[in-house]
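One structure is given here, and the rest of the page talks about it.
Numbering (my numbering), first residue to last: 770 to 1521.
Set out below in structure tokens:
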């Protein structure tokens, strides 16, 4: 079947040219689009070189990291000619160039902040020499050790005109845009009704501590350092100002004094609320609104300004500081909505993990749609956190995965609805909530409370829980903490089956720190752990798998907490009519880290109906020792019919979705219902279909392809059809085939 490139296709005819009568049903779907709100911030930063006078901070081998990301599919979002023209530029930087070329005659001196990544172990001096050799008209903002990189401000026209020199410079690996993002949107009680809850029904008790098993345990996080990367932490709220050791304050925003308490103060209010959830003392509420780990030491690493805007280079500086100062946990309640696993931020967090730091991030508030989480939560070394409500139900706003490497997001869930935490008096958030009378008075002056909802609140719950684990087991590696959280988690209070634990909304379930500690206590050596995630296959949204001929691929993560070398093998069950393949079948660990294998599942054409159940063992190579188990279960059925979804002409086969179309991921629940009802589906979509690139793997509608289906669904066909496709559709209908058209707006349909 012929494959075509969108950039080269020519269209001659529209579907309205069909001479044969075609019965077309227009289904107008009411969509609730994902709305992403971004606030721009461009602050010229003083040129500064951060030098810790350490011989070596960069242990991560960048080229090895690139190999790990070699299957990254993000570049398929770009027009091929742009990607071929600028292969050393990151995605968002190329998008900036595309936009700039439309306005360059008006705004020829547009400047941009970028992050230039070099090969590993390139010294700071050498990086400066390389930049000088390129003769770029720009200025250095920061030089990093956490990754071999430089943040730089430059005119876009300089990057474009000097690209051939950049391309020829072998020491430069990639140049990314210095992204500007926001803390995640939060919801106050007067502006949200979640799962039937309203402001009047919110519980003013600290129910969330019971939900995560953090009450009545013999630990409070003493000796554990938690870095809060946010808008700052209050220096006057008694729950935070009375901590001993005291909160350590640093600002990484260049227009604020880095070392002064005032400069790191929270003018927004978000960071104060978040930090009190993790480790607040609760003094102003007689302990009622204490944090999960009140004994932990808080580090206020301010990376967001008063409006909540964050630059990636500021985050990198804070991560680097955390490594230097032996922080145990980094907590991040911010991010974007793009599932990119390879970027400067995730590379820095990988290095932090290799230095023993547990990195935890909010999954985001763009749910319940799949592929709605972004960096840093989508980083493979980051524990991503979704949100639940008082009744242990998943919050509808909680973002879901996967990321662009098919990795499940979130890892775990924690309470994130109506969470009561410290108020920073006079902050933007405080002023708004006091205007709506949405606050709770505390015992002490300037020490009151507010309640907010969002995965921003769930993230510090997990950060506090991790601190409790590290107090009891101080030598746990980040992977060990992750495994313990997985093992202690339990199922949300929803109509879910056990197999749903591990899918891209649920993760391992709701954390329970008491269960995690009990599990660690039961291990013969709690510091030598190997765990697998997810534990059930197939998992959503890759679970449309029931009929002969259907095939799917699953990304399985294997975590090792061992500080030594270890080899594991994947042993697969023999199931009648099912072809299972682990790629690769063995994994080698040289230190505590995460490795992946792809599980390929195919239902053979001659498979008989009935259930297939089996266990996939993660074993120590050459030994009968079992590290962990994956539960595999599938029910083979014969289809009542087949439905072909032609998403190519509606641009529904890529992510992010075309503005006038509907990404197939958003149709998952409807497609699953159809699939469960007895219909086999043919569909292709980026991040949903393995190795699918919508630019290079899209296929024309040939008669051979159409005849595979009883019904053909044309999804918002805004692109015209070729003459060959028109004839194929005519013949398909003349032979008894049926066509349905799904449209979001009839004006967008490609009809005469």
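For glycine and all other residues, C-beta sits at the position ideal for the given N, C-alpha and C.
- Nearest candidate by alpha-carbon position, reference residue 1089, set 1066, 888, 1110, 1114: Numbered from 1 along the chain shown, position 320 holds the residue referred to as residue 1089. A check of alpha carbon separations from residue 1089 across 1066, 888, 1110, 1114 identifies 1114 as the nearest.
- Message: Under DSSP, the beta strand (DSSP E) around residue 1385 begins and ends at which residues?
- Response: Taking the chain shown and counting its residues from 1, one reaches residue 1385 at position 616. Here the beta strand (DSSP E) through residue 1385 covers 1379-1389.
- Message: Taking 7 Å as the cut-off, is the C-beta of residue 1058 nearer than that to any heavy atom in the ligand MN?
- Response: In the structure on display, the ligand MN does not appear, and there are no ligands present to speak of.
- Item | Beta-carbon gap between residue 1509 and residue 1451 smaller than 8 Å | In the chain shown, the residue the question calls residue 1509 occupies position 740. In the chain shown, the residue the question calls residue 1451 occupies position 682. Judged by beta-carbon spacing, residue 1451 lies beyond the 8 Å limit of residue 1509, meaning their Cβ atoms are not closer than that value.
- Item | Alpha carbon of residue 1504 to alpha carbon of residue 1471, nearest angstrom | Position 735 of the chain shown, counted from the first residue, corresponds to residue 1504. Position 702 of the chain shown, counted from the first residue, corresponds to residue 1471. About 14 Å.
- Item | For residue 1068, the first and last residue of its enclosing beta strand (DSSP E) | In the chain shown, counting from the first residue as 1, residue 1068 sits at position 299. Run containing residue 1068: 1066-1071, per the beta strand (DSSP E) assignment.
- Query: If we call anything under 8 Å between Cβ atoms a contact, is residue 1177 one with residue 1184?
  - Reply: As a first step, residue 1177 must be located in the chain shown, where it is residue number 408. As a first step, residue 1184 must be located in the chain shown, where it is residue number 415. In this structure, residue 1177 lies away from residue 1184, with their beta-carbon atoms at least 8 Å apart.
- Test item: CB-CB of residue 1297 and residue 1254 under 8 Å: For the purposes of this step, residue 1297 is identified with residue 528 of the chain shown, where counting begins at 1. For the purposes of this step, residue 1254 is identified with residue 485 of the chain shown, where counting begins at 1. In this structure, residue 1254 does not lie closer than 8 Å to residue 1297 by Cβ.
- Task: Sort 1274, 1373, 1381, 1247 by Cα distance to residue 1328 and report the nearest one.
- Result: Position 559 of the chain shown, counted from the start, is the residue given in the question as residue 1328. From the listed residues 1274, 1373, 1381, 1247, the smallest Cα separation to residue 1328 is found for 1247.
- Item | Contacting residues, own chain, Cβ-Cβ under 6 Å from residue 799 (five flanking each side not counted) | In the chain shown, the residue the question calls residue 799 occupies position 30. Confidence at residue 799 is low in this model, with a pLDDT of 26, below 50, so its placement is unreliable and the value that follows should be read with caution. Within the same chain, residue 799 has no close Cβ partners at all.
- Three-state secondary structure (DSSP) at residue 1444? As a first step, residue 1444 must be located in the chain shown, where it is residue number 675. The answer is helix: DSSP assigns residue 1444 an H, G or I state.
- Message: To the nearest angstrom, how far is the alpha carbon of residue 1252 from that of residue 1300?
- Response: Within the chain shown, residue 1252 is the residue found at index 483, counting from 1. Within the chain shown, residue 1300 is the residue found at index 531, counting from 1. Approximately 6 Å, taken between the alpha carbons.
- Item | Extent of the continuous alpha helix (DSSP H) to which residue 1081 belongs | Here residue 1081 corresponds to residue number 312 of the chain shown, with the count starting at 1. In the DSSP annotation of this structure, the continuous segment of the alpha helix (DSSP H) that includes residue 1081 starts and ends at 1081-1093.
- Determine the contact status of residue 946 and residue 865, defining contact as a CB-CB distance below 8 Å. As a position in the chain shown, residue 946 is number 177, starting the count at 1. As a position in the chain shown, residue 865 is number 96, starting the count at 1. Yes, these two residues count as a Cβ contact at 8 Å.
- Item | Continuous beta strand (DSSP E) assignments of at least 3 residues falling wholly in the stretch 912-957 | Within the stretch 912-957, complete beta strand (DSSP E) segments of at least 3 residues are found at 918-924, 941-946, 949-952, given in chain order.
- Query: Are the beta-carbon atoms of residue 1467 and residue 1401 separated by less than 8 Å?
  - Reply: Taking the chain shown and counting its residues from 1, one reaches residue 1467 at position 698. Taking the chain shown and counting its residues from 1, one reaches residue 1401 at position 632. Going by C-beta atoms, residue 1467 is not nearer than 8 Å to residue 1401.
- Rounded C-alpha distance that separates residue 1397 from residue 1369: Residue mapping note: residue 1397 aligns to position 628 of the chain shown, counting from 1. Residue mapping note: residue 1369 aligns to position 600 of the chain shown, counting from 1. Going from the Cα of residue 1397 to the Cα of residue 1369 covers about 19 Å.
- Return helix, strand or coil for residue 1057, following the three-state DSSP convention. Your numbering for residue 1057 matches position 288 in the chain shown. Coil, per DSSP.
- Please report how far the alpha carbon of residue 1303 lies from the alpha carbon of residue 1336, in whole angstroms. On the chain shown, residue 1303 is found 534 positions in, with the first residue counted as 1. On the chain shown, residue 1336 is found 567 positions in, with the first residue counted as 1. One Cα belongs to residue 1303, the other to residue 1336, and the distance between them is close to 20 Å.
- Tell me, to the nearest whole angstrom, how far the beta carbon of residue 1411 is from that of residue 1309; I am working on the premise that it is less than 8 Å. Position 642 of the chain shown holds residue 1411. Position 540 of the chain shown holds residue 1309. Not confirmed; about 22 Å, so no contact.
- Task: Quick one: give me the first and last residue of the beta strand (DSSP E) that residue 1098 is part of.
- Result: As a working mapping, residue 1098 is identified with position 329 in the chain shown. Where residue 1098 is concerned, the enclosing beta strand (DSSP E) stretches over 1098-1101.
- Message: Less than 6 Å between C-beta atoms, sequence neighbours within five positions excluded: which residues of the same chain meet that for residue 858?
- Response: Mapped onto the chain shown, residue 858 falls at position 89. 944.
- Residues that residue 1128 bridges to, as DSSP identifies them: By 1-based counting over the chain shown, the position of residue 1128 is 359. 1099, per the DSSP bridge assignment.
- Is the beta carbon of residue 1091 less than 8 Å from the beta carbon of residue 1099? Residue numbering aside, residue 1091 sits at position 322 when the chain shown is read from its first letter. Residue numbering aside, residue 1099 sits at position 330 when the chain shown is read from its first letter. A contact, by the Cβ cut-off of 8 Å.
- Can you check DSSP and say which residues form a bridge with residue 1347? Taking the first residue of the chain shown as 1, we reach residue 1347 at position 578. Residue 1347 is bridged to 1372.
- Taking the alpha carbon of residue 1348 as the point to measure from, which residue in 1375, 1461, 1022, 1249 has its own alpha carbon closest? The residue labelled residue 1348 in the question sits at position 579 within the chain shown. It is 1375 whose Cα lies nearest to the Cα of residue 1348.
- Item | Rounded separation between residue 1174 and residue 1324 - CA only | The residue you call residue 1174 lines up with position 405 of the chain shown. The residue you call residue 1324 lines up with position 555 of the chain shown. Using only the alpha carbons, I get a separation of about 8 Å.
- Message: Suppose the cutoff is 8 Å on Cβ atoms and the five residues either side in sequence are ignored; what does the same chain contact list for residue 991 look like?
- Response: Here the question's residue 991 lines up with position 222 in the chain shown. So the list reads 1064, 1065, 1240, once near-sequence residues are dropped.
- Could you spell out where the alpha helix (DSSP H) holding residue 1247 opens and where it closes? Sequence index remark: in the chain shown, residue 1247 carries index 478 (1-based). Where residue 1247 is concerned, the enclosing alpha helix (DSSP H) stretches over 1247-1257.
- Query: Expressed to the nearest angstrom, what Euclidean distance is found between the alpha-carbon atoms of residue 778 and residue 1488?
  - Reply: Start at 1 with the first residue of the chain shown, and residue 778 comes out as number 9. Start at 1 with the first residue of the chain shown, and residue 1488 comes out as number 719. Residue placement at residue 778 cannot be trusted, given a pLDDT of 41 that sits under 50; the coordinates are not used to answer.
- Verify whether the separation of the beta carbon atoms of residue 1388 and residue 1338 is less than 8 Å. Position 619 of the chain shown, counted from the start, is the residue given in the question as residue 1388. Position 569 of the chain shown, counted from the start, is the residue given in the question as residue 1338. By the CB criterion at 8 Å, residue 1388 and residue 1338 fall inside the cutoff.
- Task: Tell me, to the nearest whole angstrom, how far the beta carbon of residue 1525 is from that of residue 887; I am working on the premise that it is less than 8 Å.
- Result: Residue 1525 cannot be examined here, being either before or after the span of the chain that is shown, 770 to 1521.
- Query: Between the beta-carbon of residue 1222 and the beta-carbon of residue 1278, is there less than 8 Å?
  - Reply: As a position in the chain shown, residue 1222 is number 453, starting the count at 1. As a position in the chain shown, residue 1278 is number 509, starting the count at 1. The answer is no: Cβ separation not under 8 Å.
- Message: According to DSSP, is residue 1509 part of a helix, a strand, or is it coil?
- Response: Residue mapping note: residue 1509 aligns to position 740 of the chain shown, counting from 1. Looking at residue 1509 - three-state DSSP - the assignment turns out to be strand.
- Task: Please name the residue in 1340, 1404, 1068, 1380 whose C-alpha comes closest to that of residue 1392.
- Result: Numbered from 1 along the chain shown, position 623 holds the residue referred to as residue 1392. It is 1340 whose Cα lies nearest to the Cα of residue 1392.
- Task: Name the two residues that bound the continuous alpha helix (DSSP H) containing residue 1329.
- Result: One-based indexing of the chain shown puts residue 1329 at position 560. First-last for residue 1329: 1320-1329, but that is the beta strand (DSSP E), not the alpha helix (DSSP H).
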